[in-house]
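Right, one structure below, let's go through it.
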Amino acid sequence: MTEAILVIEEAWRAGISNDNDNVLRFIINQQLAYGSDEGVFIETRNVSGLKSRLYTGEKIQTQLAAKNILTLEAARALLLSKSRADYVSECIHRVDKWIQRQCFSEFCSTGECKHSTVSYMRYLSAKESQAKLAGLLSELVKHRDGNGSWKGFPYFYTLLALSDIHNPDAEKELEYAFPMMQKRFRRNQIEEPYWSRRNDIMNRIQTRLNHILSIFI
Numbered sequence: 003m004t005e006a007i008l009v010i011e012e013a014w015r016a017g018i019s020n021d022n023d024n025v026l027r028f029i030i031n032q033q034l035a036y037g038s039d040e041g042v043f044i045e046t047r048n049v050s051g052l053k054s055r056l057y058t059g060e061k062i063q064t065q066l067a068a069k070n071i072l073t074l075e076a077a078r079a080l081l082l083s084k085s086r087a088d089y090v091s092e093c094i095h096r097v098d099k100w101i102q103r104q105c106f107s108e109f110c111s112t113g114e115c116k117h118s119t120v121s122y123m124r125y126l127s128a129k130e131s132q133a134k135l136a137g138l139l140s141e142l143v144k145h146r147d148g149n150g151s152w153k154g155f156p157y158f159y160t161l162l163a164l165s166d167i168h169n170p171d172a173e174k175e176l177e178y179a180f181p182m183m184q185k186r187f188r189r190n191q192i193e194e195p196y197w198s199r200r201n202d203i204m205n206r207i208q209t210r211l212n213h214i215l216s217i218f219i
């Protein structure tokens, strides 16, 4: 399912609407429609031997975080598709009901719930829920470590989330992170496709903040 989510993500980044019915139905068919995990998306392929990673390459150690993030990223992709189909709206409604029961819905800084919180910010950004985003960003500020990052939060994934949020609070966090980006980027070497994704994030932030970095070669 990750590949289907990525298809929509990349189309959105390119400014192309992707509401392909086959892709959307493939994603939605991975959602649990009943039971205690109603609303959750699951990866139906056999991926037990693979370590889950965030879009930006950071490893996910817990099954709970992997489940939360897959669900939020899938729901975000459905929002980005701009589909008006009833089956998509119903799917998003189930996700929203599930979110209400999760700790990260009010910001959680325990363990890998930090990762889920950032993923939730990405979901809210796609949903254009500015009031809720403002509350989460006000909490994120409290976790600054003084060195351009946030204690325990996945660095590049957090930058990704912030780069897609267009409000003054997100801008302030990007300004806070910017001076250390060059050093962090050079220090955290990683294989493809994650290196290119991180590079793209840095380029977008550079453009947004109107700064010039010397690390892009």
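In the numbering used here, the protein residues as written are 3 to 219.
Quick reminder that beta carbons are idealized off the backbone N, C-alpha and C, glycines included.
This one's a predicted model, so the numbers in the text were calculated from it and none came from an experiment.
Return the bridge partner residues of residue i from the DSSP annotation.
{"i": "Arg146", "result": "Trp152"}
{"i": "Lys174", "result": "Lys174 pairs with nothing; no bridge assigned."}
{"i": "Lys61", "result": "Arg55"}
{"i": "Phe158", "result": "Per DSSP, none; premise fails for Phe158."}
{"i": "Phe43", "result": "Gln33"}
Assign residue i to one of two classes, buried (16 or more other C-beta atoms within 10 Å of its C-beta) or exposed (fewer than that).
{"i": "Ser19", "result": "exposed"}
{"i": "Val120", "result": "buried"}
{"i": "Trp14", "result": "buried"}
{"i": "Arg189", "result": "exposed"}
{"i": "Thr160", "result": "buried"}
{"i": "Lys116", "result": "buried"}
{"i": "Gly51", "result": "Because the pLDDT at Gly51 is just 44, under 50, the model does not fix this residue reliably, and the point stays unresolved."}
{"i": "Ala16", "result": "exposed"}
{"i": "Ala133", "result": "exposed"}
Do residue j and residue i have their beta-carbon atoms positioned less than 9 Å apart in this structure?
{"i": "Leu211", "j": "Phe180", "result": "yes"}
{"i": "Ile44", "j": "Lys69", "result": "yes"}
{"i": "Ser140", "j": "Asp171", "result": "yes"}
{"i": "Ser118", "j": "Leu74", "result": "yes"}
{"i": "Thr58", "j": "Leu162", "result": "yes"}
{"i": "Met3", "j": "Leu72", "result": "yes"}
{"i": "Arg55", "j": "Tyr196", "result": "yes"}
{"i": "His145", "j": "Ser111", "result": "yes"}
Looking at the structure shown, is residue i part of a helix, part of a strand, or coil, going by DSSP?
{"i": "Gln184", "result": "helix"}
{"i": "Gln33", "result": "strand"}
{"i": "Arg103", "result": "coil"}
{"i": "Phe109", "result": "coil"}
{"i": "Arg86", "result": "coil"}
{"i": "His168", "result": "coil"}
{"i": "Ser50", "result": "Confidence at Ser50 is low in this model, with a pLDDT of 48, below 50, so the placement of that residue should be treated as unreliable; the coordinate-derived value is given next. Three-state DSSP puts Ser50 in coil, outside helix and strand."}
{"i": "Gly137", "result": "helix"}
If I'm right that residue i touches residue j with Cβ under 8 Å, what's the distance once you round it to whole angstroms?
{"i": "Arg96", "j": "Gly41", "result": "4 Å"}
{"i": "Ile167", "j": "Met123", "result": "7 Å"}
{"i": "Ala77", "j": "Tyr125", "result": "6 Å"}
{"i": "Arg206", "j": "Ser165", "result": "5 Å"}
{"i": "Ala67", "j": "Glu114", "result": "4 Å"}
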